[in-house]
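In what follows, a structure is listed as structure tokens, so that the remarks can point back to it.
Number of protein chains: 4
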Amino acid sequence: MSATPIPTPSSPPPDILRAASMELVVTDLAASRHFYVDVLGLVVTEEDEGAVYLRTHEEFIHHNLVLRQGPVAAAAALSYRVRAPEDLDKAVAFYRELGCRVERRVEGFVAGVGDSVRIEDPLGFPYEFFHDVEHVERLAWRYDLYTPGTLVRLDHFNQVTPDVPRAVRYMEDLGFRVTEDIQDEAGTTYAAWMRRKPTVHDTAMTGGDGPRMHHVAFATHEKHNVLAICDKLGALRMSDRIERGPGRHGVSNAFYLYL
Amino acid sequence: MSATPIPTPSSPPPDILRAASMELVVTDLAASRHFYVDVLGLVVTEEDEGAVYLRTHEEFIHHNLVLRQGPVAAAAALSYRVRAPEDLDKAVAFYRELGCRVERRVEGFVAGVGDSVRIEDPLGFPYEFFHDVEHVERLAWRYDLYTPGTLVRLDHFNQVTPDVPRAVRYMEDLGFRVTEDIQDEAGTTYAAWMRRKPTVHDTAMTGGDGPRMHHVAFATHEKHNVLAICDKLGALRMSDRIERGPGRHGVSNAFYLYL
Amino acid sequence: MSATPIPTPSSPPPDILRAASMELVVTDLAASRHFYVDVLGLVVTEEDEGAVYLRTHEEFIHHNLVLRQGPVAAAAALSYRVRAPEDLDKAVAFYRELGCRVERRVEGFVAGVGDSVRIEDPLGFPYEFFHDVEHVERLAWRYDLYTPGTLVRLDHFNQVTPDVPRAVRYMEDLGFRVTEDIQDEAGTTYAAWMRRKPTVHDTAMTGGDGPRMHHVAFATHEKHNVLAICDKLGALRMSDRIERGPGRHGVSNAFYLYL
Amino acid sequence: MSATPIPTPSSPPPDILRAASMELVVTDLAASRHFYVDVLGLVVTEEDEGAVYLRTHEEFIHHNLVLRQGPVAAAAALSYRVRAPEDLDKAVAFYRELGCRVERRVEGFVAGVGDSVRIEDPLGFPYEFFHDVEHVERLAWRYDLYTPGTLVRLDHFNQVTPDVPRAVRYMEDLGFRVTEDIQDEAGTTYAAWMRRKPTVHDTAMTGGDGPRMHHVAFATHEKHNVLAICDKLGALRMSDRIERGPGRHGVSNAFYLYL
Numbered sequence: 001m002s003a004t005p006i007p008t009p010s011s012p013p014p015d016i017l018r019a020a021s022m023e024l025v026v027t028d029l030a031a032s033r034h035f036y037v038d039v040l041g042l043v044v045t046e047e048d049e050g051a052v053y054l055r056t057h058e059e060f061i062h063h064n065l066v067l068r069q070g071p072v073a074a075a076a077a078l079s080y081r082v083r084a085p086e087d088l089d090k091a092v093a094f095y096r097e098l099g100c101r102v103e104r105r106v107e108g109f110v111a112g113v114g115d116s117v118r119i120e121d122p123l124g125f126p127y128e129f130f131h132d133v134e135h136v137e138r139l140a141w142r143y144d145l146y147t148p149g150t151l152v153r154l155d156h157f158n159q160v161t162p163d164v165p166r167a168v169r170y171m172e173d174l175g176f177r178v179t180e181d182i183q184d185e186a187g188t189t190y191a192a193w194m195r196r197k198p199t200v201h202d203t204a205m206t207g208g209d210g211p212r213m214h215h216v217a218f219a220t221h222e223k224h225n226v227l228a229i230c231d232k233l234g235a236l237r238m239s240d241r242i243e244r245g246p247g248r249h250g251v252s253n254a255f256y257l258y259l
Numbered sequence: 001m002s003a004t005p006i007p008t009p010s011s012p013p014p015d016i017l018r019a020a021s022m023e024l025v026v027t028d029l030a031a032s033r034h035f036y037v038d039v040l041g042l043v044v045t046e047e048d049e050g051a052v053y054l055r056t057h058e059e060f061i062h063h064n065l066v067l068r069q070g071p072v073a074a075a076a077a078l079s080y081r082v083r084a085p086e087d088l089d090k091a092v093a094f095y096r097e098l099g100c101r102v103e104r105r106v107e108g109f110v111a112g113v114g115d116s117v118r119i120e121d122p123l124g125f126p127y128e129f130f131h132d133v134e135h136v137e138r139l140a141w142r143y144d145l146y147t148p149g150t151l152v153r154l155d156h157f158n159q160v161t162p163d164v165p166r167a168v169r170y171m172e173d174l175g176f177r178v179t180e181d182i183q184d185e186a187g188t189t190y191a192a193w194m195r196r197k198p199t200v201h202d203t204a205m206t207g208g209d210g211p212r213m214h215h216v217a218f219a220t221h222e223k224h225n226v227l228a229i230c231d232k233l234g235a236l237r238m239s240d241r242i243e244r245g246p247g248r249h250g251v252s253n254a255f256y257l258y259l
Numbered sequence: 001m002s003a004t005p006i007p008t009p010s011s012p013p014p015d016i017l018r019a020a021s022m023e024l025v026v027t028d029l030a031a032s033r034h035f036y037v038d039v040l041g042l043v044v045t046e047e048d049e050g051a052v053y054l055r056t057h058e059e060f061i062h063h064n065l066v067l068r069q070g071p072v073a074a075a076a077a078l079s080y081r082v083r084a085p086e087d088l089d090k091a092v093a094f095y096r097e098l099g100c101r102v103e104r105r106v107e108g109f110v111a112g113v114g115d116s117v118r119i120e121d122p123l124g125f126p127y128e129f130f131h132d133v134e135h136v137e138r139l140a141w142r143y144d145l146y147t148p149g150t151l152v153r154l155d156h157f158n159q160v161t162p163d164v165p166r167a168v169r170y171m172e173d174l175g176f177r178v179t180e181d182i183q184d185e186a187g188t189t190y191a192a193w194m195r196r197k198p199t200v201h202d203t204a205m206t207g208g209d210g211p212r213m214h215h216v217a218f219a220t221h222e223k224h225n226v227l228a229i230c231d232k233l234g235a236l237r238m239s240d241r242i243e244r245g246p247g248r249h250g251v252s253n254a255f256y257l258y259l
Numbered sequence: 001m002s003a004t005p006i007p008t009p010s011s012p013p014p015d016i017l018r019a020a021s022m023e024l025v026v027t028d029l030a031a032s033r034h035f036y037v038d039v040l041g042l043v044v045t046e047e048d049e050g051a052v053y054l055r056t057h058e059e060f061i062h063h064n065l066v067l068r069q070g071p072v073a074a075a076a077a078l079s080y081r082v083r084a085p086e087d088l089d090k091a092v093a094f095y096r097e098l099g100c101r102v103e104r105r106v107e108g109f110v111a112g113v114g115d116s117v118r119i120e121d122p123l124g125f126p127y128e129f130f131h132d133v134e135h136v137e138r139l140a141w142r143y144d145l146y147t148p149g150t151l152v153r154l155d156h157f158n159q160v161t162p163d164v165p166r167a168v169r170y171m172e173d174l175g176f177r178v179t180e181d182i183q184d185e186a187g188t189t190y191a192a193w194m195r196r197k198p199t200v201h202d203t204a205m206t207g208g209d210g211p212r213m214h215h216v217a218f219a220t221h222e223k224h225n226v227l228a229i230c231d232k233l234g235a236l237r238m239s240d241r242i243e244r245g246p247g248r249h250g251v252s253n254a255f256y257l258y259l
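Here it is, written out as structure tokens:
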């Protein structure tokens, strides 16, 4: 693939802590709320007519998922938390130097989050960066509220982009470190896993027609929790929602289920 | 121990299928209902002002536990299901020959159960025998209703009696088979596990001051379900209800928790 | 299907306790031994040049699986344990009345088993019945020997036969009770699960070109044990041995894996 | 407690990645090897007459535990990996400024590790810092080698020291962040958990007569793995090695077992 490489900015990147939240535009808010709350069991932190703010069971920030009513299904923001307020200035400078569309709102773009920056990155993905966020009750000790398939934290994003090596170089400039990748016979990387927090990854780049969001992944504590979700979907006659799995990934060793 | 052995009746014993239910007299019905339903998650089949009928998640008969309001906490009945209606006639003859108090009610003693026999056995325990019973929805396929600590079936009773060898001989006359026992250094059996259904046991006799009910045991599918009950009790500040465990029994290999 | 029904013998059937063992003729004994012992972890009770006798981890009888070197892969015997020595006489009378080939050997047909009857049943399956059997060390307490995917007991057989209703009627005469079945739109049963021991089944009849052995199933304690077998097969580059699964059966609720 | 606070050095601390290894002096090397290798299943990377180098199942560095024959049982080193070779210079300057005993060996103090610094810190603990280390095969994909109780990684240390607040201030100067602590009724902290890597902790300070090593903790994947270790110890008649547990910690939510 011959696309021009994305230049490395002279401005330092923001210090990203972790993948924190995704905002999804959905065409049927009630149906999406049913799926994520009643079936998958995410916790409602706050909601209004146009949006639902959800978090995983062991999260202490306001939300990990925003469902927003809209005309076309889309990923509106892949949101990362940064280490300090100053990192927002760095994000602005970093992306302005790349010539990207940059918008900063001191009051935040969504409920529960303060000063934030949203940009459209050189690959075409909508990224958000924030530090200030409303802390909420962490339910990790509320064993009376766990279900057999409780989703305990947001684990990672997965993004589809046509030129993975180009995407990886840009992400490394942004401070990500590649933990694993897969190359074809000619030695070209067609999938790469990258992280800031020390799990296997915060996001991954998968080769394909993009920019597109491939998935957002939530983690359970143990493998039987994944099976419990399968069983529940079966009991609710929703097993057609299972696209692949359960199974184990060769690369990350993760025990997975795609919905 | 010098107690007179219980004679073996010439009448054949009833053909017992399994330990099926226990009736408990409780002094605070609301508190007991809270514990067994809200905390442990047993399913309410039916209830009225004076009693609550509960079943485990995978049971298909009307109840495995009856809680009945009364002035003094007691085990009112240890109830066994028999193979056929004729086995009730056998139970009547068997216990009459032993000189026991025997009562038969065609309409049953409790809701959901038909023709039944209640006796006070030679050891002083209140046993019930029945065949006809109302079948209810078995929730084994309702994975949407499982909790992390779901109790799936009644496993066994445990009874305290002063002379275990005497009790064992009587129970063998009643058709039970000893699966395991523990003997002291003099070779005297001071605990014995006995069964009709092919699990480790339907009931056990433990040496001590009796006749007393030691416990009724409910089973979970996997060990993590037992731990989830511990965690839930901790979250509800009820861990003082745990008398012993979690642990593993040397005799039956069971992973246990005493409440 | 219009095949003549199998007549009900006037002789009573033997009192079958449970599915106990299968004898397989294999064309490469070393390769089969590697698969069942080194990969799946069955325990070798005894072996000689021509045969290997294997048992599950919690079994107390001599074997649950016999692998015997031979020219053509086949199921040589589906073996059931009966309650008492007299039941062998009943088996002989029952099958002689049906006109079946019947052979009895006081010294047994295989190592570890005494007086036995082998018959070819009206459906064409080779059944064995025995009571006397060598007891071996039950490894249930040897937690130092468990592996992540330990097979703890033989659970059931599954047989393929063209006329399932005909097969079911014969099996009911033999004392089996149908626990579940599946019928097509015309109401014809095309699969049925039947038991003697009180699990879901000891054997099942599945419609198809037969008589053929469909599978023999071994049980693990928990679901993660099944996943551990998948992971091990993957690590050994043998995951092409997985024919289907892991998954959960709609009928029996079993969490399964087909190899 | 009135001990003089430990001054904050003007030199920046080394950038510590994680708790990586502990070196234990043991009085019976064969007995210790038996316990950690044959019973707990740690992997032997290398050994000679005087020492055994062990690692957890998913570790990629040379060792997480060194057992060294010696006259008196003791913790010889609590070893941390640092981000870059330059961090060793920082460690030297940081501890020299504190007046501590400092020793640096380019060839390392133990097998498998290169340029290293060992110091005795102001609390009296022997700390080691290193960056260069021999990488070994990570067994995370070797599912054929897992056991029911596999220890997958070193999780944390726990140290006993008389003045916890004094220790915490020093550890914060070293770059650790307190994740949780427990205070008595007078508001004095008597236990604190601190981390560099983003788990609950890399080490903890517990109030008591010290400096002493309280424990080194290894992690399993799931709770049933902890129970499998209990069962194995029981089977080997070694359950007297269990000092406390299994149970769940209130502070870290960890499911634990003390040996």
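Protein chains in written order, with UniProt numbering: chain G, 1 to 259; chain A, 1 to 259; chain H, 1 to 259; chain C, 1 to 259.
Note that the Cβ used here is the ideal one computed from N, Cα and C, for glycine as well.
Residue i - DSSP class collapsed to helix/strand/coil
i: Met238(H); result: coil
i: Arg138(H); result: coil
i: Ser11(H); result: coil
i: Leu154(A); result: strand
i: Val106(G); result: coil
i: Tyr143(H); result: coil
i: Val163(H); result: Correcting the residue type first, residue 163(H) is Asp in the shown sequence and not Val. Reduced to three states, the DSSP call for Asp163(H) is coil.
i: Met1(C); result: A caution first: Met1(C) carries a pLDDT of 46, below 50, which makes its placement in the model unreliable, though a value can still be read off. DSSP places Met1(C) in coil when its eight states are reduced to three.
i: Ala192(C); result: strand
Rounded C-alpha distance that separates residue i from residue j
i: Leu17(G); j: Tyr80(G); result: 7 Å
i: Phe94(G); j: Val106(G); result: 18 Å
i: Phe218(G); j: Thr56(G); result: 8 Å
i: Met171(H); j: Tyr127(H); result: 12 Å
i: Glu134(A); j: Gly114(A); result: 8 Å
i: His201(G); j: Glu103(C); result: 37 Å
i: Leu67(C); j: Ser32(C); result: 7 Å
i: Arg237(G); j: Leu259(G); result: 14 Å
i: Val52(A); j: Ile242(G); result: 40 Å
i: Phe60(G); j: Gly234(A); result: 21 Å
i: Met1(G); j: Thr203(G); result: With a pLDDT of 46 at Met1(G), under the threshold of 50, the predicted position of this residue should be treated as unreliable, though the coordinate-derived value follows. Their Cα atoms are separated by approximately 22 Å.
i: Glu185(H); j: Ala192(H); result: 15 Å
i: Glu49(C); j: Ile229(C); result: 28 Å
i: Val164(G); j: Val72(C); result: 56 Å
Residue-level contact to chain B via CB, residue i, 8 Å cutoff
i: Leu154(A); result: Here chain B cannot be found, since the structure's protein chains are G, A, H and C.
Inset, instruction - Would you list, in sequence order, the uninterrupted beta strand (DSSP E) runs of no fewer than 3 residues that lie entirely inside the region 18-89 of chain A? - result: Residue ranges of uninterrupted beta strand (DSSP E) with 3 or more members, entirely inside the region 18-89 of chain A and ordered along the chain, are 43-47, 51-55, 65-69, 74-82.
Legend entry - Touching by the beta-carbon criterion (3+ pairs, under 8 Å), the region 207-215 of chain H and the region 144-160 of chain H: A contact exists between the region 207-215 of chain H and the region 144-160 of chain H.
Legend entry - Near-chain C residues of the region 176-205 of chain G - C-beta to any C-beta below 8 Å: Flagged, chain order: Lys197, Pro198.
Inset, instruction - Taking only beta carbons into account, state which residues of the region 128-145 of chain H come closer than 9 Å to chain C, listed in chain order. - result: In summary, the residues of the region 128-145 of chain H whose CB is separated from some CB of chain C by less than 9 Å are Trp141, Arg142, Tyr143, Asp144, Leu145, in the order they occur in the chain.
Legend entry - the region 38-48 of chain C in contact with the region 168-179 of chain C per 3-pair CB rule at 8 Å: The region 38-48 of chain C, when compared against the region 168-179 of chain C, does not touch it at the 8 Å Cβ threshold.
Legend entry - Residues of the region 209-223 of chain H with Cβ closer than 9 Å to any Cβ of chain A, in chain order: Across the region 209-223 of chain H, CB contacts with chain A closer than 9 Å involve His221, Glu222, Lys223, in sequence order along the chain.
Inset, instruction - Report yes or no: do the region 143-150 of chain C and the region 225-233 of chain H share at least 3 C-beta pairs separated by less than 8 Å? - result: Output reads yes: the region 225-233 of chain H touches the region 143-150 of chain C.
Legend entry - contact_flag[the region 22-35 of chain A, the region 81-100 of chain A] where n(CB pairs < 8 Å) is 3 or more: Short answer: they don't touch.
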